[in-house]
DNA sequence: TTGCTGAGTCTGTCAATCAGACCTAGCCTG
DNA sequence: CAGGCTAGGTCTGATTGACAGACTCAGCAA
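Chains as they are written, first to last, in our numbering: chain A, 1 to 157; chain B, 1001 to 1157.
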């Protein structure tokens, strides 16, 4: 009856580490902006209402974590400025964002539906996220997924 | 050159709403515990090191949001207590957790690998998360996914 | 009666968030 | 050249949240 998980340490848990990067109140919203093509400080600020200070901190943290990079650009008749773009590490957060979006759409959307969808560039069809096992089986019921200790698991002291 | 997203409001964005539930520092860690079968207050506290007060608040918030429910149980020789279990709404967060885990494993794991994997109950094979479009195409490069306004999109004032 | 246990509450400290005002470098206009 | 505009910030003070550690409380057991 005692859950098996209690025997395993969580000190090197990658979910916890990922949430150290993604888990702050506005991080995902910033990423949503960048994925949507909004790359400049003020555009983000106006759209999202994130306080300047917080946006500054979030962007700096994401750059430091290697999720975004600062890219110089110059609008004609303006001085040199910087915009924020996704690195490969940042691009690989797409599935996370799509998963969050999927859940949000299902449980938290207004009656008229989600304000945002994602499409496949080639065919234009809507992209959804799915779980599949290495044998190729589609996993539709979340109850069919079970957690197990992985290669890096350590027993608890 | 001006990003198209700027014309659209974000006030009803489901990512932001989802992150209001999931976005606090410990929420995902609590969910990881519950998905791993750890359902009791003190077990979670000992494993995760979350301060009592914070854990109390997080659990209450998740119950209020309908992600967890409080279930009475009674260990023989003990008085009646409560444990926390996933609702259907909570179970549907599996894909989010698997997506976060996948990203964390890729970029933040120790050299000996992830401490946690997820397996398909029927065949035991490892479960991964993938993007696929409605036409059935596998989406492997995140660059092939493009965001678009959805049915609930509203133009900005 | 005393002690133990699980699940909390209370208290005080320290860090983060927030709103709003202020700053700054370069460009443009008069 | 003075003054104004703009993007991208800093600075300041009030509120909220995280955290550690001590205390509480109900029921069971010795």
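All residues carry an ideal CB built from backbone N, CA and C; glycine is no exception.
From the beta carbon of residue i, is the nearest beta carbon of chain B less than 8 Å away?
{"i": "residue 61/A", "result": "no"}
{"i": "residue 30/A", "result": "no"}
{"i": "residue 149/A", "result": "yes"}
{"i": "residue 87/A", "result": "no"}
{"i": "residue 3/A", "result": "yes"}
{"i": "residue 135/A", "result": "yes"}
{"i": "residue 7/A", "result": "no"}
{"i": "residue 41/A", "result": "no"}
{"i": "residue 115/A", "result": "yes"}
{"i": "residue 76/A", "result": "no"}
{"i": "residue 83/A", "result": "no"}
{"i": "residue 154/A", "result": "yes"}
{"i": "residue 126/A", "result": "yes"}
{"i": "residue 38/A", "result": "yes"}
{"i": "residue 34/A", "result": "no"}
Against chain A, with Cβ distances strictly below 8 Å, would residue i count as a contact?
{"i": "residue 1044/B", "result": "no"}
{"i": "residue 1107/B", "result": "yes"}
{"i": "residue 1120/B", "result": "yes"}
{"i": "residue 1057/B", "result": "no"}
{"i": "residue 1079/B", "result": "no"}
{"i": "residue 1069/B", "result": "no"}
{"i": "residue 1050/B", "result": "no"}
{"i": "residue 1142/B", "result": "yes"}
{"i": "residue 1054/B", "result": "no"}
{"i": "residue 1072/B", "result": "no"}
Exposed or buried, residue i, counting other C-beta atoms within 10 Å across all chains shown (16 or more means buried)?
{"i": "residue 1134/B", "result": "exposed"}
{"i": "residue 166/A", "result": "With chain A running from 1 to 157 in the structure shown, residue 166/A is simply not present."}
{"i": "residue 1112/B", "result": "exposed"}
{"i": "residue 1064/B", "result": "exposed"}
{"i": "residue 1090/B", "result": "buried"}
{"i": "residue 60/A", "result": "exposed"}
{"i": "residue 1058/B", "result": "buried"}
{"i": "residue 147/A", "result": "buried"}
{"i": "residue 76/A", "result": "exposed"}
{"i": "residue 1128/B", "result": "buried"}
{"i": "residue 32/A", "result": "buried"}
{"i": "residue 1197/B", "result": "Summary: the structure shown does not reach residue 1197/B, with chain B confined to residues 1001 through 1157, and so no result is reported for it."}
{"i": "residue 1102/B", "result": "buried"}
{"i": "residue 68/A", "result": "buried"}
{"i": "residue 80/A", "result": "exposed"}
Return the bridge partner residues of residue i from the DSSP annotation.
{"i": "residue 1147/B", "result": "118/A"}
{"i": "residue 1133/B", "result": "127/A"}
{"i": "residue 85/A", "result": "69/A"}
{"i": "residue 1139/B", "result": "1131/B"}
{"i": "residue 1008/B", "result": "1155/B"}
In angstroms, rounded to a whole number, what distance separates the CA positions of residue i and residue j?
{"i": "residue 176/A", "j": "residue 1114/B", "result": "The requested residue 176/A is not part of the displayed model; chain A covers only 1 to 157."}
{"i": "residue 1141/B", "j": "residue 86/A", "result": "14 Å"}
{"i": "residue 1055/B", "j": "residue 8/A", "result": "20 Å"}
{"i": "residue 955/B", "j": "residue 13/A", "result": "It is not possible to answer for residue 955/B, since the shown part of chain B is limited to 1001 through 1157."}
{"i": "residue 1105/B", "j": "residue 1034/B", "result": "20 Å"}
{"i": "residue 30/A", "j": "residue 1041/B", "result": "33 Å"}
{"i": "residue 1022/B", "j": "residue 23/A", "result": "8 Å"}
{"i": "residue 995/B", "j": "residue 25/A", "result": "A question about residue 995/B goes unanswered here, because the residues of chain B that appear run from 1001 up to 1157."}
{"i": "residue 3/A", "j": "residue 1036/B", "result": "8 Å"}
{"i": "residue 151/A", "j": "residue 52/A", "result": "42 Å"}
{"i": "residue 1039/B", "j": "residue 38/A", "result": "41 Å"}
{"i": "residue 963/B", "j": "residue 1062/B", "result": "Only positions 1001 to 1157 of chain B appear in this structure, which leaves residue 963/B out of reach."}
{"i": "residue 1126/B", "j": "residue 1118/B", "result": "6 Å"}
{"i": "residue 145/A", "j": "residue 116/A", "result": "28 Å"}
{"i": "residue 1015/B", "j": "residue 74/A", "result": "31 Å"}
{"i": "residue 1120/B", "j": "residue 1094/B", "result": "13 Å"}
{"i": "residue 100/A", "j": "residue 156/A", "result": "31 Å"}
{"i": "residue 20/A", "j": "residue 27/A", "result": "10 Å"}
{"i": "residue 1050/B", "j": "residue 5/A", "result": "17 Å"}
{"i": "residue 1109/B", "j": "residue 97/A", "result": "20 Å"}
Ordered list of beta strand (DSSP E) runs contained in the segment 22-83 of chain A, each at least 3 residues: Here the runs fully enclosed are 68-73.
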